[in-house]
Structure formats: C-alpha cells, structure tokens
Amino acid sequence: RGEEWEHSLSLFQELKCLNAMLTLPSYVEALGSFHQAQRWEAALQTFLEVPKPDLQVLGAAFRAAGSWQQALCFLNTYSAESDTICTLLTLAAVDQAGQGHRLTELTRRLRRDLLRCVRAGEL
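Set out below in structure tokens:
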C-alpha cells in the first residue's frame, strides 16, 4: 500500500484474471490502493464485486470515496435497502463536509433501517 498502490492494484487485477478466490482482506487492500490513487469510481466498482462486505471492507470503501458526494453515491449504489452502517458512514461524511441541509433524507433512511432491524429482532 502507500506509495506502492500501483503494484497492489496490479496484483489484485492479476488475481481476478486467474479467477482466484479473493478474500475480504484482498478487497480491503485494493480499496486502500484506489483511495491512494484517488480513483473512487474504480473503488465503487470493486466494492460492488465484494460478495458479503464486512465492516473493514465498508470502511475502506467509504475512505476511498473521498468526498460526501461520492460516499452518497456508494450508499445509493450499495443496495436498495441500505445497510445501517453505510447510512451512518454517509451521515458522518455529509456532516463533516458541513452539508447539514442534506441530512434529512439520510436521517429518514437511517430511521427506516433501524425500524427494520428492530422488527426483525436484530437489535
């Protein structure tokens, strides 16, 4: 990682071409490389390929987003029914960017997600 992001991405692409079984840490490293390269579109595409992203993958993806607009794009692309953690990460990015007027829709989405979790007995 760090200054070797090009090499990391090259190895990741090689593994994909070989149809190797990619692990979650492999995706985290690739997303970190995309973050270093400031290539959020490629990070989004890679993120969407992750079968079952865990918190480390989600965190790496949102770091790669780079801005609140891109974090919102990740959230909207991730799934129709967003994950509560993704919504919280996007809320934090929007808030840090001083875009408080955009929080209303995200707050509604978070409320809906939390209610869904409560009804499903997940909380």
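Per the working numbering, the sequence shown runs over residues 94 to 216. Even glycine gets a Cβ: it sits at the ideal position worked out from N, Cα and C.
Boundaries of the alpha helix (DSSP H) harbouring Ser119: Leu117 to Ala130, taken from the DSSP string.
At a Cβ-Cβ threshold of 7 Å, Ala157 and Leu124 count as neighbours. Between Gln163 and Val121, the CB-CB gap reaches or exceeds 7 Å. Going by DSSP, Lys145 is part of no alpha helix (DSSP H) at all; its letter is neither H nor E. Here the alpha carbon of Cys110 sits roughly 42 Å from the alpha carbon of Arg212. When DSSP states are grouped into helix, strand and coil, Ser101 belongs to the helix group.
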